[in-house]
Amino acid sequence: MVDYGKYYSSLANNIRASDIRELLALIKHRRDVISFAGGIPDPKLFPKSELADISREAILKYGDEALQYSETKGLIELRETLSDFMRRMKGISADPEDIVVTTGSQQALDIVARSMIDPGDIVVTENPSYLAAIGAFKAAGARLVGVEMDDNGMDTFKLEEKLKSIYSTGGRVKFIYTIPVGHNPAGTTLSYDRRKHLLEIAEKYDVLVVEDDPYSYITYENGVDTTPLKALDRYDRVIYLSTMSKILAPGLRIGWIVAPREVARKFELVKQYLDLHSPTLTQFIVLEAIKKGLVERMIKVATPYYKSKRDAMLSAMEDYFPDYVSYTRPIGGLFIFARVEKEGFNTTKLLEVAINKYKVAYVPGAGFFVDGSGYNTMRINFSYPTHDEIYEGVRRLAQLVKSE
Ligand code: PMP
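Printed below as a string of structure tokens:
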């Protein structure tokens, strides 16, 4: 018998499959359980026949190129098209040379981590934050410091206090990681004033900002400003990450980074030894999908579709949740974050009971917190379940909350 354990790196040894992940994996095929645990788009929205046509054309018409190796930073036509797309949609002006196409924005997080973090470096995040970003930063050896949030996202005054205290003890922060719109998992959107404040703080304390923006292309309320930090960035301190995952299809695995030229060049070098380049074929597909207006049409369809699911979930929560459950009212993204103010209520411990007795699943919030708190919170997804499941699932969740 070979003892494989002794061959693993310390990184591999420190990564453990979590009980929660295994529990949630088991319910995938259980029809009796309503799951709010996923974080995925509703596949009913995938523009399948249009994508089939585009794929066919990409292979038959552009096959020599589309099936070939390509440039590490991404096809120039795609980078030009993304540059135009961001200008029109978000007011971001990015030269194609400042863009690196990535294999989903998850790879962008890995590239940022590998390029910026040495073991022991401090990264500041919202508390809670996106699990797989926490994972990527920790894998690179980062020490994470979390900043409190409220309904308007990260409290930037608390952020400044944290930076002051880190700097007063000789610490150094590499970057602030933020998900300004439709936060995963918190469901919040950073207010416009705080966005400006955050940029001022980054300049004052000489840190970079990593803006992770998968969600601002689909938002549910008119009149709420969702201008990205990148579009407001006078100091050239923002590294912007986005993705086709929520506005076209995550299986294509196409995301991108916008960074100051020198940083983009560094990212390109790091990406080179990760995967040479993101798949040329899906880059072609995304390129054509944007050029044909398919992505914008998808955004127009997805926005009211998810809004109506969000509304259904909020109204079910209003009907069923007792007043000691508070929850966010997201204007973007796919999640509502709930907090149960009841002595000893522990969503991690109760997940098994939720699944087996009440036939409903959620993601326990504790894993998203970088300081070990959040035991009484849960992330609830509204994009994937049907309206009926949303109503019935929230009723079951309310039963769990009241009875356990
Ligand atoms: N960042 C955030 C905040 C996310 O919620 C997600 C997807 N759940 C990602 C990054 C990764 O997205 P992808 O790799 O599919 O582009």
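Position in the sequence shown (first residue = 1) + 6 = our numbering. Don't be surprised by glycine CBs; every beta carbon is placed ideally from N, CA and C.
- Item | Residues bridged to PRO47 (per DSSP) | In DSSP, PRO47 forms no bridge with anything.
- Query: How big is the Cα-Cα spacing for ILE172 and ILE128?
  - Reply: 9 Å
- Taking the alpha-carbon positions, what's the SER174 to SER121 distance? 26 Å
- Message: Out of TYR226, LEU214, LYS252, ASP157, which one is the CA nearest neighbour of LEU235?
- Response: LEU214
- Message: On the criterion of 16 or more Cβ atoms from any shown chain inside 10 Å, does GLY257 qualify as buried, or is it exposed?
- Response: exposed
- Message: Give the list of continuous alpha helix (DSSP H) stretches no shorter than 4 residues that lie fully inside the stretch 220 to 305.
- Response: Here the runs fully enclosed are 235 to 238, 267 to 281, 286 to 297.
- Roughly how many whole angstroms lie between the Cα atoms of ASP104 and THR184? 20 Å
- Query: With burial defined as no fewer than 16 other Cβ atoms inside 10 Å of the residue's Cβ, what is the status of LEU359: buried or exposed?
  - Reply: For clarity, residue 359 is Val in the given sequence; the question names Leu instead. Classification for VAL359: exposed.
- Closest residue to TYR390 among GLU77, TYR75, SER314 (Cα-Cα distance): Comparing Cα positions, the closest option is SER314.
- Message: For the ligand PMP, is there any heavy atom lying closer than 8 Å to the beta carbon of GLY350?
- Response: No - the ligand PMP has no heavy atom lying nearer than 8 Å to the Cβ of GLY350.
- Cut-off 7 Å between Cβ atoms - residues of its own chain near VAL292, not counting five sequence neighbours on either side: LEU84, MET250, LEU254, LEU258, ILE260
- Beta carbon of ALA119, beta carbon of ALA146: below 9 Å? yes
- Starting from GLU410, follow the alpha helix (DSSP H) in both directions and report where the run begins and ends. No alpha helix (DSSP H) contains GLU410, which DSSP labels as neither H nor E.
- Enumerate, from N- to C-terminal direction, the unbroken alpha helix (DSSP H) stretches of 4 or more residues contained entirely within the stretch 88 to 130. 110 to 122
- Who are the Cβ neighbours of LYS168 in its own chain at under 8 Å, not counting the five residues just before and after it? Sequence-distant partners of LYS168 (beyond 5 residues in either direction) whose C-beta falls short of 8 Å from its own C-beta, in its chain, are VAL130, VAL151, VAL153.
- Query: Between the Cα of SER16 and the Cα atoms of PRO125, GLU217, PHE163, which residue gives the shortest distance?
  - Reply: PRO125
- Query: In the DSSP assignment, what residue or residues form a beta bridge with ILE182?
  - Reply: VAL130, VAL215
- Item | heavy atom of the ligand PMP below 8 Å from TYR136 C-beta | yes
- If you check the beta carbons only, do ILE423 and VAL230 fall under 9 Å apart? In the structure displayed, the chain extends from 7 to 410; residue 423 sits before or after that span and is not available.
- Message: Just checking THR361 against the ligand PMP - is the residue's beta carbon closer than 8 Å to any of the ligand's heavy atoms?
- Response: The question names Thr, yet the displayed sequence has Ile at residue 361. The answer is no for ILE361.
- Item | Which of helix, strand or coil DSSP assigns to TYR333 | Residue state for TYR333 is assigned as strand, using DSSP reduced to three classes.
- Task: Please list the segments of the alpha helix (DSSP H) lying wholly inside the stretch 28 to 73, counting only runs of 4 or more residues, in order along the chain.
- Result: 54 to 72
- What residues are listed by DSSP as bridge partners for ARG5? The structure shown does not extend to residue 5, since the chain is modelled only from 7 through 410, so no value can be given for it.
- Under 9 Å between C-beta atoms of THR195 and THR232: yes
- Using three-state DSSP, classify MET160 as helix, strand or coil. strand
- Query: Quick one: what does DSSP say LEU150 is sitting in, helix, strand or coil?
  - Reply: Here DSSP, grouped into helix, strand and coil, assigns LEU150 to strand.
- Message: Is it the case that the stretch 380 to 399 contacts the stretch 31 to 42, given that we only count it when at least three CB pairs across the two stretches are under 8 Å?
- Response: yes
- Message: Is it buried or exposed, VAL187, if we count other Cβ atoms within 10 angstroms and call 16 or more buried?
- Response: buried
- Secondary structure at GLY350, three-state DSSP: helix, strand or coil? coil
- Nearest-angstrom Cα distance between ALA100 and ASP90? 8 Å
- To which residues does DSSP link GLY338 through a beta bridge? THR225
- Query: In angstroms, rounded to a whole number, what distance separates the CA positions of LEU275 and TYR221?
  - Reply: 28 Å
- Item | Range of the contiguous alpha helix (DSSP H) that encloses HIS203 | 198 to 210
- Can you check whether the CB of ILE65 is closer than 9 Å to the CB of THR354? no
- How about GLY110: is its Cβ closer than 8 Å to a heavy atom in the ligand PMP? Checking the Cβ of GLY110 against the ligand PMP gives yes.
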